[in-house]
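Contents: one structure, followed by commentary.
Protein chains: 2
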Amino acid sequence: MATPDAKPAKTAVQLKTPKGTRDWSGADMHLRDEVFQTITDVFKRHGGTPLDTPVFELKEILAGKYGEDARLMYDLEDQGGELCSLRFDLTVPFARWLAMNNIQQVKRYQIAKVYRRDQPAIARGRLREFHQCDFDIAGVYDPMIPDAEILRVVVEVFRALQLDITIKMNHRRILDGLFAVSGVPADRIRPISSAVDKLDKMPWAEVKKEMVEEKGLPEDVADRIGGYVQRSGTIRDMLKTLQADAELCANGDVKAGLDDVSLLADYLEALEVADTVSFDLSLARGLDYYTGLIFEVIVNHPSSTLTTANGTTATIPAESVGDGSEEGAKQQSASKKGKKAGEDPASQVGSIAAGGRYDNLVGMYGRRQIPCVGISFGVDRIFTILKARREQEEESRRTRLTDVYVMAFGGKEFDGLLLERMAVARRLWDAGVRTEFAPKVKPRLPQQFKAAGDVPLAVILGQDELAAGQVRLKVLGQGEDDEKDRGRLVAMDDLVSEVKKLLL
Amino acid sequence: MATPDAKPAKTAVQLKTPKGTRDWSGADMHLRDEVFQTITDVFKRHGGTPLDTPVFELKEILAGKYGEDARLMYDLEDQGGELCSLRFDLTVPFARWLAMNNIQQVKRYQIAKVYRRDQPAIARGRLREFHQCDFDIAGVYDPMIPDAEILRVVVEVFRALQLDITIKMNHRRILDGLFAVSGVPADRIRPISSAVDKLDKMPWAEVKKEMVEEKGLPEDVADRIGGYVQRSGTIRDMLKTLQADAELCANGDVKAGLDDVSLLADYLEALEVADTVSFDLSLARGLDYYTGLIFEVIVNHPSSTLTTANGTTATIPAESVGDGSEEGAKQQSASKKGKKAGEDPASQVGSIAAGGRYDNLVGMYGRRQIPCVGISFGVDRIFTILKARREQEEESRRTRLTDVYVMAFGGKEFDGLLLERMAVARRLWDAGVRTEFAPKVKPRLPQQFKAAGDVPLAVILGQDELAAGQVRLKVLGQGEDDEKDRGRLVAMDDLVSEVKKLLL
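Heads up: the protein sequence lines correspond to chains A and B, in order. Residue numbers are given in UniProt numbering: position 251 of the first sequence equals residue 251, and the series is strictly consecutive. Residue numbers are given in UniProt numbering: position 182 of the second sequence equals residue 182, and the series is strictly consecutive.
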């Protein structure tokens, strides 16, 4: 019977997180930690060393690195002193760190949040505060060896995450050479390249239309491009085809690129990664700073992965991974055009990792060039896929990871046995076992079973058993039977070892 | 022979991190990760569930929580939309999360950076971007059970970190009652309390002087206070003394506080923690929001811990842990007065963890009160102590954690065996072994030994051995002998198991 007058007079604080941000807790947080741990294990296996940089950088460090996307940067208020902005990606702070410390070679990884004042779409996982997870190899090495290792890292990460993927790969110099041979003027290569990059989302006819009508390319030039960029296949097959094309190979960039890819093919075979790679001439990647190998990772069977248990289809975030929102914008516009683009669900998912070689970025800080190749995993997008799969598999979504719940029961004279429960918990903690008990002096048994929730084991104390130096140990999860069957007797001194056996 | 003219004309970007921030990498980063992992393991052992909140919060959420320290808050620039600030601690975001999600009970932990525009002193580890590491128990429970578990968590953390500590403990209601009984007017209790809190850094005569001369307290009132607050001892001894003081116990606050501490004593004994606790009536803690138990953790023998290998004394950061810079300021001023305060090095170290019960903070968001008790670990300060100890022990400071370096050697016809090295690395990676190899086609053997650095094992390939299906496995670290002795022969198929045996 609330009347308008019943509203509280004072304006309460709005209880929310800032636009485009979220809290992480419970099952989501556990799954996110699992993903981070899995990826970190692979990075360490390859000699990766962690780097952590401040959440904000001097504005002048970030300036001139992101083109027009820089308008999405979060600035700190000028409160006197230096002007700073929140980091926009992890690549520029890495380049700053290399230059600042004059580091000649390193394998570094970093998992951290980055910040972009983009239009958020939280339901699709498109946030203003989101994660990047980068592994980069910096240093002067023999050609393509680090590049091959990066692709090996990609394969190991997704094998560990049990995601079936394809690495789409291309080479900037082959692409640039191919445009030149087709008759694209040097100053038109980047815009034409960005049109070609949409081929995974649009049919060729539409891409051609954009090149001819919007970008003013002669139709015969567009057709020549089309003859090349619609090709993809295994590295060996594509190499054979391209190396047989005398006109193409006469171009110095193409020749150099093919030499790189040829070396790479040998290395990927030695590393047993070649089968996962598709050499796709339409792959262009958004950012200007790539100078050699470029690649993107897509999930092979997203349709089966993405149907959730209740039959709805999980939506995969379309934000950019790794290198700026140009990519994200591309995918957003592509998903609007989803129906025209055909019904392949893979095209809706977009890439879940991406990277390439960037040999000139560190030199922008006015010191020595340090060639780099790296990969950025789109953790939020990977998280969304794994979460949908986990829900589909109806795996338990435990919010805590406690192993043992210590309970007590008794008759009329029952005093709750709190100190005894504490002493048993202390034994288990001392042994490293994750243990809880009801923080009540005299809890009732049903309360304790309820509080135990999804904890797998119970230790149940009773006055008589304690007097005999014993406790009851019970595997939980038997539903109704839990309260009837109070488990088997175990000597107090054997408790830790018995619990550990059951937890194995 | 550089002349002034030789200077580069263009103004280079200043390569630095913003004031009061730092990068973390190499051995520091590994040690920091170890500390985080150790602490997290203990939190999980107690049923803790992780929370991660955005790095910035709405300004109005943070408003009115930090008193005059709020001037140290970092604001984001108003770029249209909501006004936000970087988080100042982890307690207020936790309270916001509890209120926003109407969570009635939880054990949550959070390890994250917080931001304060304080005057940095980087050499002493006093930074503007620094870590907090919080564990809090929220919910209505029987009295003192969660409080006892928090102290147990403290003991387990420092036992795991192998730091010998004392928990100094007091109770806000005992302290308030004691001031009232001594004759302090109610509105003078907080300033007098803050003077008393300096007793661990100053002799009583100085504290008394401050109370009488600066804060206008009658001398006899100050003397009565002095009679109480200079007392500390075991919980049981102090309880006996205080409970025997009829005048004190007639005060309702004192009585209630002593009942709490009496319960706590039982629980701490059951949890085998009581020996670590000192009941210290001078402990007051800075923040207003504490309502019951308060505590601080100090290192027992910092002098031995803090002398580094080269004989210099490591300086421990003096910033606040957990609850605002008031504490930090107090410690800074105390360290200026270090000589007057006597030569006990413990007084220079300050607290490395602190916390208490705060039952009214969540209710400030206009919803239901949720009583909380928590602890905040000063991770940067703990890190500094452990780093000094590690240097003292001259432990290896490995910057990477690679287990195996795969090498090759050969005579005149040696082609570098790159593909073979890759194939062996791939085998080891498949088995989860952390492996690297020289990213060169034809590396020389000394180069490879140099690159292996502190990696403990080498697998050495030779053409003849490979032809026989064998490789050489060698434990590194023999200095000069490394290049002469090329290890023992192992069948390729046994390599993984042999390596794993050596890594155990």
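All C-beta atoms, glycine included, are put in the ideal place defined by N, C-alpha and C. On a predicted model such as this, the values are computed, not experimentally measured, just so you know.
Can you tell me whether residue i is buried or exposed, with buried defined as 16 or more other CB within 10 angstroms of its CB?
i: Leu503(B); result: exposed
i: Gly462(A); result: buried
i: Pro93(A); result: buried
i: Gln14(A); result: exposed
i: Arg126(B); result: buried
i: Lys201(B); result: buried
i: Gly177(A); result: buried
i: Leu175(B); result: buried
i: Lys412(B); result: exposed
i: Ala468(B); result: exposed
i: Ser376(B); result: buried
At what residues does the alpha helix (DSSP H) containing residue i begin and finish?
i: Lys160(A); result: The sequence shown places Ala at residue 160(A), not Lys. Segment Ile145 to Ala160, the alpha helix (DSSP H) holding Ala160(A).
i: Ile61(A); result: Lys59 to Leu62
i: Gln392(A); result: Val379 to Gln392
i: Arg190(B); result: Ile189 to Val196
i: residue 582(B); result: Summary: the structure shown does not reach residue 582(B), with chain B confined to residues 1 through 504, and so no result is reported for it.
i: Thr38(B); result: Gly26 to Arg45
i: Val261(B); result: Gly252 to Ala270
i: Arg497(A); result: Note on residue identity: the sequence assigns Ser, not Arg, to residue 497(A). From DSSP, the alpha helix (DSSP H) with Ser497(A) extends over Leu495 to Leu503.
i: Leu489(A); result: Here Leu489(A) belongs to no alpha helix (DSSP H); instead the beta strand (DSSP E) covers Arg488 to Ala491.
Would residue i pass as an interface residue toward chain A - the criterion being a Cβ-Cβ separation below 9 angstroms?
i: Cys84(B); result: yes
i: residue 506(B); result: Residue 506(B) lies beyond the stretch modelled for chain B, which goes from 1 to 504, so this question has no answer here.
i: Pro317(B); result: Any reading at Pro317(B) needs caution, since the residue's pLDDT is 40, under 50, leaving its predicted position unreliable; the model's value is listed next. False, the Cβ-Cβ gap to chain A never drops below 9 angstroms.
i: Gln162(B); result: no
i: Glu34(B); result: no
i: Val55(B); result: yes
i: Lys474(B); result: no
i: Ser497(B); result: no
i: Gln132(B); result: no
i: Leu401(B); result: yes
i: Trp97(B); result: yes
May I have the straight-line CA-CA distance separating residue i from residue j, to the nearest angstrom?
i: Thr291(A); j: Leu281(A); result: 15 angstroms
i: Ile225(B); j: Tyr289(B); result: 23 angstroms
i: Val459(B); j: Ile145(A); result: 19 angstroms
i: Leu76(B); j: Leu86(A); result: 9 angstroms
i: Asp147(B); j: Gln230(B); result: 24 angstroms
i: Pro50(B); j: Phe295(B); result: 23 angstroms
i: Met238(A); j: Asp164(A); result: 22 angstroms
i: Gly487(A); j: Leu473(A); result: 5 angstroms
i: Asp136(A); j: Asp41(A); result: 15 angstroms
i: Ile111(A); j: Ile370(A); result: 22 angstroms
i: Val221(A); j: Ser182(A); result: 6 angstroms
i: Gly20(A); j: Leu83(B); result: 13 angstroms
i: Ala121(B); j: Asp197(B); result: 24 angstroms
i: Gly477(B); j: Lys440(A); result: 56 angstroms
i: Val273(A); j: Asp430(B); result: 12 angstroms
9 angstroms is my cut-off, CB to CB: does residue i come that close to chain D?
i: Ile174(B); result: Looking for chain D here will not work: the only protein chains present are A and B.
Quick one: give me the first and last residue of the beta strand (DSSP E) that residue i is part of.
i: Ser182(A); result: Ser182(A) -> not in any beta strand (DSSP E); alpha helix (DSSP H) instead, spanning Arg172 to Ser182.
i: Ser85(B); result: Cys84 to Leu86
i: Thr49(B); result: Thr49 to Asp52
i: Gln132(A); result: Glu129 to Ala138
i: Gln470(A); result: Gln470 to Val475
Is the shortest distance between the beta-carbon of residue i and the beta-carbons of chain B less than 9 angstroms?
i: residue 518(A); result: In the structure displayed, chain A extends from 1 to 504; residue 518(A) sits before or after that span and is not available.
i: Pro456(A); result: no
i: Tyr115(A); result: yes
i: Thr17(A); result: yes
i: Thr435(A); result: yes
i: Ala425(A); result: yes
Starting from the C-beta of residue i, find all residues in its chain whose C-beta is less than 7 angstroms away, skip the five residues before and the five after it, and write them out in chain order.
i: Leu72(B); result: Arg116, Arg117, Asp118 and Ser325
i: Ala425(A); result: Val406, Thr435 and Phe437
Could you name the residues of the same chain whose beta carbon sits closer than 8 angstroms to that of residue i, not counting the 5 residues immediately before and after it, in chain order?
i: Leu199(A); result: Val207, Val229, Gln230 and Ser282
i: Val297(B); result: Val154, Phe158, Ile165, Thr166, Ile167, Lys168, Ser351, Ile352, Ala353 and Ala354
Skipping 5 residues on each side, what residues in its chain have a beta carbon closer than 6 angstroms to that of residue i?
i: Glu219(A); result: Val212
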